[in-house]
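Below: one structure, written as structure tokens.
Number of protein chains: 2
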Amino acid sequence: MMSTTAIRYDRVMGRWPDGATERLERAALELYQSRGFESTTVAEIAERAGLTERTFYRHYADKREVLFAGAAQLQDLLVRLVAEAEPSLAPIEAITAALTGAAAIFEERRSLVSQRQKVIAANPELQERELIKLAKLAAALAEALGQRGVPEPAATLAAEAGVAVFRVAFDRWIGGGDQRSLAVTITDSASHLRELTSAR
Amino acid sequence: MMSTTAIRYDRVMGRWPDGATERLERAALELYQSRGFESTTVAEIAERAGLTERTFYRHYADKREVLFAGAAQLQDLLVRLVAEAEPSLAPIEAITAALTGAAAIFEERRSLVSQRQKVIAANPELQERELIKLAKLAAALAEALGQRGVPEPAATLAAEAGVAVFRVAFDRWIGGGDQRSLAVTITDSASHLRELTSAR
DNA sequence: GAGACTGATGTCAGTGACTGACGTAACACT
DNA sequence: AGTGTTACGTCAGTCACTGACATCAGTCTC
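Given below as structure tokens:
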């Protein structure tokens, strides 16, 4: 598997220009915006990035995945935030704390996030991919709650509800009507859910 | 578009055997079970059903859709149940009432539903399709709540939470560990969610 | 009852997503 | 200098999916 040598290199090296993934992701987003997702071929994306179609598939499993490269990091961050949340917090509170804690990531790149979301909103295939990413995120959050001692089905329900809260808040935040920060919108949606379920 | 003639016919007629969709759905499920989803071609499904590949695509938009033919009827039923629920019921209660009311549809075909779910569980592509069906279901339920006078974002949150409750309950019911009826499992999950969100 | 119409199917050719196998060349390591 | 690795290119192939056109049993119109 890995060589016994311990020395590793920080700088990317090689005969090829750096930043292939960045170029591919940028080219894909631009083409998906201008021609639409279905009308752009993988060959076109690769060409715009100065690569071949085959190389595209060495970086991304399929034509959709190029838009979801950041999902893994987001999930890792949220899982860590849940794990590091105050032990005294209830499950739902730990989840919402993690969500608001990660909100900055979106707020720092609102323009890019907005463009990406417009492309996704225009294509059912991309929506499917986004939904399964969110489902896996919910499963990972449920697992993180489990590590905190939350039993099932409470862990899964809290995680799914948390993701639903995030979805609703995110849509409002991106939608534009809501001028508040994403973090505030999340806590607002969470309290809405609390009212809904606890109300008699 | 439509002829001015008012006479319509109940019996399917024509030179072709009836039940093409039933044959296609049955053939698809069987092949997806035995060879796996990815390893079966649409041509094989069509051949087993006594048809051609092109005809398959006249009945279903794509290779996955053949497993989700019943989703539309389920959605219609749930929307109707929400609309017909007691006006005094709170949003979440109307949703759970509809879900338990539709549970019988699954309980009557537990074997078929279980086989189908095993196939879906084995394939990410099929999971994506299921997730978007559930998302559209949630949107339809939110719309139905809107007709009852429930404002946003409460309607969407209640619908999303309701679908999450159903997912958790369905998984437990199918998973086998839970010997209770699906309807009971749903109400149980709903009360779990209530405890989670209202708990101090 | 002849002719026009309809609806479900077959046939065929084509595009594009995705994969496996193999080759290449800069760079690193020994 | 030799060896291995890594990131890429090239090529051939499968299969999902689509558009265009043909067929023909049954129906409708007159």
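If you read the sequences in order, they're chains A and B. The numbering of the first sequence is this note's numbering, which starts it at 1 and goes up by one. The numbering of the second sequence is this note's numbering, which starts it at 1001 and goes up by one. All residues carry an ideal CB built from backbone N, CA and C; glycine is no exception.
Answer with yes or no whether the minimum CB distance from residue i to chain B is below 9 Å.
i                : result
Glu84 (chain A)  : no
His59 (chain A)  : no
Ile92 (chain A)  : yes
Ala139 (chain A) : no
Arg194 (chain A) : yes
Ser181 (chain A) : no
Ala69 (chain A)  : no
Thr5 (chain A)   : Note that Thr5 (chain A) scores 37 on pLDDT, short of 50, meaning its location in the model is unreliable and no value can be drawn from it.
According to the Cβ coordinates, are residue i and residue j closer than 9 Å?
i                 : j                 : result
Trp23 (chain A)   : Leu51 (chain A)   : For clarity, residue 23 (chain A) is Arg in the given sequence; the question names Trp instead. Yes, they are a contact pair.
Glu25 (chain A)   : Ala69 (chain A)   : yes
Ala1140 (chain B) : Gln1075 (chain B) : yes
Pro1124 (chain B) : Ile120 (chain A)  : no
Ala1020 (chain B) : Ala1061 (chain B) : no
Leu145 (chain A)  : Ile95 (chain A)   : yes
Leu1077 (chain B) : Ala1102 (chain B) : yes
Ala1164 (chain B) : Ala164 (chain A)  : yes
Ala1169 (chain B) : Leu1089 (chain B) : no
Ala33 (chain A)   : Lys118 (chain A)  : With the sequence shown as reference, residue 33 (chain A) is identified as Gln, and Ala is not the correct amino acid for it. Yes. Within cutoff.
Ala155 (chain A)  : Ala142 (chain A)  : yes
Leu1126 (chain B) : Arg1064 (chain B) : yes
Ala1028 (chain B) : Thr1041 (chain B) : no
Taking CB distances under 9 Å as the criterion, tell me whether residue i reaches chain A.
i                 : result
Pro1017 (chain B) : no
Ser1088 (chain B) : no
Ser1198 (chain B) : yes
Ala1158 (chain B) : yes
Ser1189 (chain B) : yes
Tyr1009 (chain B) : With a pLDDT of only 42 at Tyr1009 (chain B), under the threshold of 50, the placement of this residue in the model should not be trusted, and no figure is reported.
Listed in chain order, which residues of the stretch 1111-1136 of chain B have Cβ atoms closer than 7 Å to some Cβ of chain A? Pro1124, Gln1127, Glu1128, Arg1129, Leu1131, Ile1132 and Ala1135
Decide if the stretch 1118-1138 of chain B is in contact with the stretch 1080-1090 of chain B; the criterion is three or more beta carbon pairs, one per stretch, under 8 Å apart. no
To test your reading of the DSSP string, which unbroken alpha helix (DSSP H) runs of 4 or more residues are found completely within the stretch 103-183 of chain A? 110-121, 124-147 and 154-175
When the Cβ atoms of the stretch 1159-1168 of chain B are set against those of the stretch 40-59 of chain A, are three or more pairs found closer than 8 Å? no
Any chance you could list the alpha helix (DSSP H) runs of at least 4 consecutive residues sitting entirely within the stretch 1047-1103 of chain B, in chain order? 1053-1059 and 1071-1084
The stretch 1182-1189 of chain B touching the stretch 165-185 of chain A, judged by at least three CB pairs closer than 8 Å: no
Closer than 9 Å, Cβ to Cβ, to anything on chain A: give me those residues from the stretch 1161-1173 of chain B, in chain order. Ala1161, Val1163, Ala1164, Val1165, Arg1167, Val1168, Ala1169, Asp1171 and Arg1172
Residues of the stretch 1145-1156 of chain B with Cβ closer than 7 Å to any Cβ of chain A, in chain order: Pro1153, Ala1154 and Thr1156
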